[in-house]
Amino acid sequence: MQMGSESGIGSMFADLAVSVGLGLLIGIQREQAGSRIAGVRTFPLLTMLGTLCAWAPEPGRWWMVGAGMVGVSLLTLVGNLSSSPDRHDGATPESKAGGVTTEAAMVLMYVVGVTVALGHREIGVAVGVAVAVLLHAREYLHGLVARLGKEDLWAMLQFGVVTLIVLPVVPDRVMGPFGALNPRQVWLMVTLVVGLNLVAYVAHRLVGRRHGALLAGALGGLISSTATTASFSRRARESAGLVPVAGAAIMLATTILYARILFLILIASRPLFEWAWKPFGAMLGVSVLASVVLAVRARRSEAVVPTQKNPAELGSALLFAGLYAVVVVAVGAAMRYVGHAGVYLVSALSGVVDLDAITLSNSRLVQAETLNARHALGGIILASGVNLIFKAGLSAGLGGWRLVRTLIVPFGMVLVASGVVLWLWVL
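Just so we're aligned, residue 2 is where the sequence shown starts under this note's numbering, counting upward by one.
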């Protein structure tokens, strides 16, 4: 009993030390930022106050926590009222700009102290560190917002509609031909793909033009390697000097595509991922090698970076949902009437249009134990090969012979690697 009591006191001291440490972290940051109402001494006091209030005996604990919150709120009010204009002398631009950032941090760090005392030490530490990062990254975050345009904000809002409004109301039950469609699963896959595309789109908007065409090719591979191929092929036809960098960017987009496929498989079906990581890892390795060779040839270039389309538009999301549903039903029909050979036929046809749909479709069918992992993997590999051949034709038609001559060897290497892994792991 005594040992348990000593252990409990030791844990309480550890909680108190964590609260003080987090308060000091925030306080130091606010002190350096020139805060006029709270700094290196105030914040540790606030976190300790939260911890001590949460340690009150159970009948009155939440009254104490509430009273402490009221006290902290009054402190922020008094601190603002007692700050005179002459105290701004020598302050940083942040402190002169006004706002309630420090006041919000004071209230939040009090809550962090309460959280630590209630036994959620890891959550308190995570929130405290996140607060410190947000406060310290002020200039970077403001610069980030300044670089985002109205189109980018609209893309984020549309993703919010796709995720937070549509997804919760979509029915979660099996329906449709062959019992293959679950609307919730369909829209969940839409959310996954649109979210991944949106991250790449924002990154492309923020750093793609500044860091050149090669990075734009990599980010384009996350959005759409086919669209990236078409964009760079057109640029290559317009100027022969852009052919090397266009070839490198297209190959890099293709490389990122294989990593994207692996990621989608991992999210959608762990059993299929256990089959897929080795063959797709081998294909990815060959593609990386080819990309490095082309990138070295291209070196640095100031080529014009193709503009990517907003991937979060509701029209695009609905189009992908329709395509995914068609692929799922087609695979179900092929399984019933043709057998596993039909899966390969559907996969090959899907590869011309979109790899995400067939990748997620086959992955979900494996997860539901309605499709063998080996055949699902074979279909995805076949689809990726067909997609590569389609992009080669796209490069030839839009970019001309010079671009084809640049890409024929690296594309050939990846196609050979695809054939080898198809033979070793599937056939």
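All C-beta atoms in this analysis are idealised placements derived from N, C-alpha and C, irrespective of residue type, glycine included.
Computed from a prediction, not measured in an experiment: that's the story for all the values here.
With fewer than 16 other Cβ atoms from the protein chains shown falling within 10 Å of its own Cβ, Val101 counts as exposed. Our two residues, Val367 and Leu378, have alpha carbons roughly 10 Å apart in a direct line. Secondary structure at Leu428: coil, using DSSP grouped into helix, strand and coil.
When only Cα atoms are considered, Trp155 and Gly161 end up about 10 Å apart.
If you draw a 10 Å sphere on the C-beta of Ile124, you find fewer than 16 other C-beta atoms in it, and that means exposed. Pairing Ser232 with Asn363, the inter-Cα distance amounts to about 29 Å. Residue range 356-368 is occupied by the alpha helix (DSSP H) that includes Asp357.
Note that the stretch 283-296 touches the stretch 406-414; at least 3 beta-carbon pairs, one per stretch, sit closer than 8 Å. Inclusion of Ile257 and Leu223 in the CB contact set at 8 Å is warranted, their separation being smaller than that value.
Straight across, the Cα-Cα distance linking Leu189 with Arg261 is about 17 Å. DSSP, read as helix, strand or coil, puts Leu182 in strand. In summary, Phe44 is buried, with 16 or more beta-carbon neighbours lying within 10 Å of its beta-carbon over all protein chains present.
Burial check for Glu275: the Cβ neighbour count within 10 Å stays below 16, so the residue is exposed. At the C-beta level, Ala296 and Leu253 come within 8 Å of one another. Taking the CA atoms as reference points, Val405 sits about 30 Å from Trp426. Leaving aside the five residues that flank Arg185 on each side, the residues in its chain whose CB is nearer than 6 Å to its CB run, in chain order, Val171, Asp173. With fewer than 16 neighbouring CB atoms inside 10 Å of its own CB, Ile10 falls in the exposed class. Closest option to Leu263, judged by alpha-carbon separation, among Ile251, Thr48, Phe281: Phe281. A straight line joining the alpha-carbon of Arg365 with that of Ala250 spans about 31 Å. Going by DSSP, Asn373 is part of no alpha helix (DSSP H) at all; its letter is neither H nor E. Excluding residues up to 5 positions away in sequence, Ile359, Gly380, Leu383, Ala384 lie with their Cβ nearer than 6 Å to the Cβ of Ser348 in the same chain.
Under the Cβ criterion (8 Å, minimum of three pairs), the stretch 17-35 counts as touching the stretch 129-140. CA-CA distance, Arg375 to Val167, rounds to 34 Å. Here Ser74 is not near Thr230, since their CB atoms are 8 Å or more apart.
Rounded to the nearest whole angstrom, the C-alpha separation of Gly129 and Ala283 is 42 Å. Here the C-alpha atom of Arg42 lies approximately 21 Å from the C-alpha atom of Ala55. Distance from the CA of Leu399 to the CA of Arg235, rounded to the nearest whole angstrom, comes to 5 Å.
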